[in-house]
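Residue numbers (this note's numbering): 5 to 333.
Think of the CB as a built atom: it goes at the ideal place given N, C-alpha and C, for glycine as much as any other residue.
This structure is a prediction, so every number in the text was calculated from the model and none was measured.
Below is one structure; the comments refer to it alone.
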Ligand SMILES: [Zn+2]
């Protein structure tokens with residue numbers, strides 16, 4: 005089963021999260037492999053998407069937010085064989101992910117070869133609140149796939165660390181790895197100081213944190229986390245990983261999977277597809293149906309196919325019962 009573990013370092017302003025996606029990740033890969041027209045992800049794309057998915061779970065579990073968190077890496081025509089990789093995680097840690105491939109993926113390709121050959125690749129982080137107030141928009145932050153010196157980054161972890169530092173002003177360490185059965189990751193974060201509920205009442209502030217050694221503590225723990233090898237992250241249990249890295253530290257652990265365990269779930273629905281078709285307009289739908297017997301729309305996340313025959317399509321444009329203003333709402 006997929007699992008998530010949160011922990012704190014006793015007396016230090018550092019917190020951590022460890023995630024291991026097993027069944028949820030295997031479901032994503034299996035559904036893709038079952039899609040005859042698309043086929044299984046090439047290994048480098050599976051690794052990219054797995055790391056992105058693990059990172060999305062870590063980031064969602066690390067914020068107090070009711071809504072979806074989406075990580076999206078995208079390129080343009082000259083960026084490479086991956087057009088788009090998306091991982092979306094809800095507040096209850098239900099998750100889905102997909103990637104679109106437009107070209108040949110050579111073995112061993114890393115981030116820059118996959119989607120940043122022309123330095124135009126980018127990573128967007130979108131927080132979409134569940135119950136939006138009127139006029140409220142999703143929040144989106146975007147970072148490039150290169151560092152401050154313009155050197156292409158080869159790891160999603162570096163891209164997202166950069167994002168966290170820019171947008172949240174928080175030192176964050178991410179270690180990510182994925183193969184064809186496990187997508188896993190660890191996040192360490194220096195707790196925000198002053199004004200945030202996490203350390204209410206603490207004497208720690210930006211001004212004195214160096215003096216009291218908090219940077220030193222964080223840097224030490226971050227180095228330990230970075231020493232974790234991908235095969236250790238993928239193959240060891242959470243207990244083994246935490247013990248191996250932090251055996252000299254005093255760790256306070258929360259019960260695993262509270263309040264939620266990560267799990268695969270797709271938010272697509274026939275109703276939503278119907279709404280999308282409705283938005284295309286009656287004329288467009290009629291034109292599509294003049295060339296084929298049905299309209300079939302497949303969900304790229306879960307592979308679910310929704311079929312609308314001419315009668316289903318016509319019903320989209322009927323006013324709902326008791327409402328003569330027309331249309332689907
Ligand atoms: Zn779906």
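Between which two residues does the alpha helix (DSSP H) carrying residue 245 extend?
-> 242 to 250
Residue range of the beta strand (DSSP E) that includes residue 132 = 126 to 133
By Cβ distance below 8 Å, which residues in the same chain neighbour residue 149 in space, the five residues on each side in sequence not counted?
-> 77, 115, 116, 119, 120, 123, 125, 126, 127, 156, 157, 163
Could you spell out the range, first to last residue, of the alpha helix (DSSP H) harbouring residue 319?
-> 314 to 320
Should residue 235 go down as buried or exposed, given a rule of 16 or more other Cβ atoms within 10 Å for buried?
-> exposed
Quick one: what does DSSP say residue 7 is sitting in, helix, strand or coil?
-> strand
Under three-state DSSP, which class holds residue 258?
-> coil
Cβ-based burial, residue 262 [other Cβ within 10 Å; buried from 16] = exposed
Residue 306 Cβ short of 6 Å to ligand 1 heavy atom set = yes
Inside the stretch 26 to 112 only - alpha helix (DSSP H) runs reaching at least 4 residues | 27 to 38, 47 to 65
Length of the line joining the Cα atoms of residue 137 and residue 302 = 31 Å
List in chain order: all unbroken alpha helix (DSSP H) runs of 4+ residues lying wholly within the stretch 273 to 304.
-> 274 to 284, 286 to 293
Proximity to residue 270 [Cα-Cα], best of 313, 110, 307, 317 | 307
Figure out for me which residue from 16, 272, 5, 9 has the closest Cα to the Cα of residue 196.
-> 16
Can you name the residues that DSSP bridges to residue 1?
-> What the structure shows of the chain is the stretch from 5 to 333, and residue 1 is not part of that stretch, so it cannot be assessed.
Are there three or more Cβ pairs, one per stretch, closer than 8 Å when the stretch 36 to 45 is compared with the stretch 72 to 92?
-> no
Helix, strand or coil at residue 146 according to DSSP, with G and I counted as helix | strand
Run of the alpha helix (DSSP H) containing residue 239, from where it starts to where it stops = 234 to 239
Can the beta-carbon of residue 93 be found closer than 7 Å to that of residue 73?
-> yes
Cβ-based burial, residue 251 [other Cβ within 10 Å; buried from 16] = exposed
Rounded to whole angstroms, how far is the Cβ of residue 68 from the Cβ of residue 258, which I believe are closer than 8 Å?
-> That belief does not hold up - the Cβ atoms of residue 68 and residue 258 are roughly 15 Å apart, past 8 Å.
Beta-carbon contacts of residue 174 that lie in its chain and below 7 Å, excluding the five residues immediately before and after = 168, 193, 194, 196
Going by Cα to Cα distance, which pick from 324, 178, 49 is closest to residue 184?
-> 49
Hey, is residue 303 close to ligand 1, as in C-beta under 6 Å from one of its heavy atoms?
-> yes
Find out if the Cβ-Cβ distance for the pair residue 265, residue 180 is shorter than 7 Å.
-> no
Hey, quick one: how far does the alpha helix (DSSP H) through residue 163 stretch, first residue to last?
-> 160 to 167
Round the Cβ separation of residue 187 and residue 54 to the nearest angstrom and send it over; I've been treating them as touching at under 8 Å.
-> 3 Å
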